Amino acid sequence: MTTRLRAQTRDLPHAVPGEVTAPFWEGCARGELLFQRCGRCRAITFPPSEHCRGCLAREQVWEASAGRGTLYSWTVVHRPVTPAFEAPYAAAIVTLGEGYQMLTNVIDAAPEDLRADLPVQVSFRRAGSDLWLPYFVPA
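Take the sequence shown: its position 67, counted from the start at 1, is 110 in this note's numbering, and no numbers get skipped.
Structure representation (C-alpha coordinates):
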(Lines of atoms letter the chains of each structure in order from A and count residues from 1; the text may use other names and numbers.)
(Lines give C-alpha, C1' and ligand atoms only; values in the text may rest on other atoms or scores of the structure.)
Protein backbone atom coordinates (compact mmCIF):
# COMPACT_ATOMS: atom_id res chain seq x y z
CA MET A 1 0.00 0.00 0.00
CA THR A 2 1.38 3.38 -1.03
CA THR A 3 1.11 6.39 1.25
CA ARG A 4 -0.40 9.38 -0.51
CA LEU A 5 1.16 12.76 0.04
CA ARG A 6 -1.06 14.97 2.16
CA ALA A 7 -1.28 18.51 3.48
CA GLN A 8 0.17 19.46 6.85
CA THR A 9 -2.46 19.75 9.57
CA ARG A 10 -0.56 21.06 12.58
CA ASP A 11 0.40 24.60 13.45
CA LEU A 12 3.58 25.21 11.47
CA PRO A 13 6.46 27.55 12.25
CA HIS A 14 6.22 30.52 9.90
CA ALA A 15 7.27 34.14 9.66
CA VAL A 16 4.75 36.79 10.61
CA PRO A 17 3.51 38.46 7.41
CA GLY A 18 5.04 41.88 6.95
CA GLU A 19 4.13 44.84 4.77
CA VAL A 20 5.59 43.22 1.64
CA THR A 21 4.21 39.69 2.11
CA ALA A 22 0.82 40.36 3.77
CA PRO A 23 -1.09 40.66 0.45
CA PHE A 24 0.20 37.22 -0.62
CA TRP A 25 -0.98 35.55 2.61
CA GLU A 26 -4.30 37.42 2.58
CA GLY A 27 -4.81 36.12 -0.96
CA CYS A 28 -4.11 32.56 0.19
CA ALA A 29 -6.76 32.92 2.91
CA ARG A 30 -9.24 33.96 0.19
CA GLY A 31 -8.20 31.11 -2.11
CA GLU A 32 -6.25 33.36 -4.49
CA LEU A 33 -2.64 32.78 -5.55
CA LEU A 34 -1.05 36.21 -5.97
CA PHE A 35 2.23 37.33 -7.47
CA GLN A 36 3.80 40.72 -8.18
CA ARG A 37 4.38 42.31 -11.58
CA CYS A 38 6.45 45.44 -12.10
CA GLY A 39 4.38 48.40 -13.22
CA ARG A 40 7.34 49.75 -15.18
CA CYS A 41 9.03 46.81 -16.98
CA ARG A 42 6.25 44.18 -16.46
CA ALA A 43 8.71 41.60 -15.02
CA ILE A 44 7.28 39.13 -12.51
CA THR A 45 8.67 39.13 -8.98
CA PHE A 46 8.20 36.10 -6.76
CA PRO A 47 8.63 35.69 -3.84
CA PRO A 48 7.27 39.15 -3.01
CA SER A 49 9.74 42.01 -2.84
CA GLU A 50 9.74 45.76 -2.28
CA HIS A 51 11.27 46.31 -5.70
CA CYS A 52 11.48 44.74 -9.15
CA ARG A 53 14.40 42.38 -9.58
CA GLY A 54 14.59 43.38 -13.25
CA CYS A 55 14.69 47.19 -13.17
CA LEU A 56 14.68 47.90 -9.40
CA ALA A 57 11.51 50.03 -9.66
CA ARG A 58 9.28 50.19 -6.60
CA GLU A 59 6.12 49.85 -8.67
CA GLN A 60 5.01 46.33 -7.78
CA VAL A 61 1.39 45.48 -8.64
CA TRP A 62 -0.35 42.37 -7.29
CA GLU A 63 -1.97 40.03 -9.84
CA ALA A 64 -3.89 36.78 -9.46
CA SER A 65 -2.34 33.66 -10.94
CA ALA A 66 -4.50 31.13 -12.76
CA GLY A 67 -2.94 28.65 -10.32
CA ARG A 68 -1.98 26.11 -12.99
CA GLY A 69 1.52 24.96 -13.81
CA THR A 70 3.89 22.03 -14.09
CA LEU A 71 6.08 20.19 -11.63
CA TYR A 72 9.70 21.22 -12.23
CA SER A 73 11.51 19.41 -9.41
CA TRP A 74 10.72 17.69 -6.12
CA THR A 75 11.98 15.52 -3.31
CA VAL A 76 9.96 13.35 -0.97
CA VAL A 77 10.93 13.96 2.66
CA HIS A 78 10.59 10.95 4.94
CA ARG A 79 12.52 12.33 7.93
CA PRO A 80 11.67 15.99 8.55
CA VAL A 81 14.22 18.24 10.22
CA THR A 82 11.59 19.36 12.73
CA PRO A 83 8.76 17.44 14.39
CA ALA A 84 6.35 20.21 13.31
CA PHE A 85 6.15 18.61 9.86
CA GLU A 86 4.31 15.36 9.18
CA ALA A 87 6.11 12.98 6.80
CA PRO A 88 6.07 12.02 4.07
CA TYR A 89 5.72 15.25 2.14
CA ALA A 90 6.95 16.38 -1.26
CA ALA A 91 8.84 19.65 -1.27
CA ALA A 92 8.58 20.86 -4.85
CA ILE A 93 9.29 23.62 -7.32
CA VAL A 94 6.34 24.36 -9.58
CA THR A 95 6.57 26.49 -12.72
CA LEU A 96 3.37 28.52 -12.97
CA GLY A 97 1.71 29.32 -16.28
CA GLU A 98 2.60 32.99 -15.84
CA GLY A 99 6.28 32.03 -16.00
CA TYR A 100 7.51 32.20 -12.42
CA GLN A 101 8.54 29.37 -10.09
CA MET A 102 7.34 28.69 -6.58
CA LEU A 103 8.64 26.49 -3.77
CA THR A 104 5.65 24.53 -2.46
CA ASN A 105 4.40 21.01 -1.66
CA VAL A 106 2.56 18.52 -3.86
CA ILE A 107 -0.33 16.63 -2.24
CA ASP A 108 -3.08 14.16 -3.17
CA ALA A 109 -0.69 11.96 -5.12
CA ALA A 110 1.46 8.91 -4.49
CA PRO A 111 5.19 9.71 -4.49
CA GLU A 112 5.80 7.34 -7.41
CA ASP A 113 3.28 9.25 -9.54
CA LEU A 114 5.32 12.47 -9.44
CA ARG A 115 7.25 13.25 -12.62
CA ALA A 116 8.82 16.24 -14.33
CA ASP A 117 6.30 18.35 -16.25
CA LEU A 118 3.34 16.83 -14.37
CA PRO A 119 0.42 19.28 -14.80
CA VAL A 120 -0.63 20.66 -11.40
CA GLN A 121 -3.08 23.18 -9.99
CA VAL A 122 -3.15 25.11 -6.74
CA SER A 123 -5.21 23.86 -3.80
CA PHE A 124 -5.35 25.92 -0.61
CA ARG A 125 -5.39 24.09 2.72
CA ARG A 126 -5.49 25.31 6.28
CA ALA A 127 -2.45 24.46 8.40
CA GLY A 128 -3.18 24.89 12.08
CA SER A 129 -5.31 27.74 13.31
CA ASP A 130 -4.31 30.77 11.25
CA LEU A 131 -2.38 29.77 8.14
CA TRP A 132 -3.60 28.92 4.63
CA LEU A 133 -0.97 27.32 2.40
CA PRO A 134 -0.90 27.01 -1.39
CA TYR A 135 -0.30 23.34 -2.16
CA PHE A 136 -0.41 21.81 -5.63
CA VAL A 137 -2.34 18.74 -6.77
CA PRO A 138 -2.16 16.82 -10.05
CA ALA A 139 -4.42 18.49 -12.63
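Quick reminder that beta carbons are idealized off the backbone N, C-alpha and C, glycines included. Model, not experiment: these values are computed from the prediction.
Buried or exposed by the 16-neighbour rule on C-beta atoms within 10 Å, applied to residue i
| i | result |
| --- | --- |
| residue 80 | buried |
| residue 110 | buried |
| residue 61 | exposed |
| residue 108 | buried |
| residue 126 | exposed |
| residue 97 | exposed |
| residue 72 | exposed |
| residue 74 | exposed |
| residue 149 | buried |
Between the CA atoms of residue j and residue i - distance to the nearest angstrom
| i | j | result |
| --- | --- | --- |
| residue 51 | residue 129 | 6 Å |
| residue 141 | residue 122 | 33 Å |
| residue 99 | residue 89 | 14 Å |
| residue 85 | residue 45 | 44 Å |
| residue 172 | residue 54 | 7 Å |
| residue 105 | residue 156 | 33 Å |
| residue 174 | residue 83 | 32 Å |
| residue 112 | residue 166 | 12 Å |
| residue 131 | residue 101 | 40 Å |
| residue 182 | residue 68 | 23 Å |
| residue 176 | residue 139 | 16 Å |
| residue 153 | residue 178 | 15 Å |
| residue 57 | residue 95 | 24 Å |
8 Å Cβ cutoff met for residue i and residue j
| i | j | result |
| --- | --- | --- |
| residue 161 | residue 114 | yes |
| residue 136 | residue 116 | yes |
| residue 93 | residue 63 | yes |
| residue 48 | residue 133 | yes |
| residue 151 | residue 124 | no |
>> I'd like to know if the region 150-161 and the region 72-87 are in contact, where contact means that at least 3 CB-CB pairs between them fall below 8 Å.
In response: no
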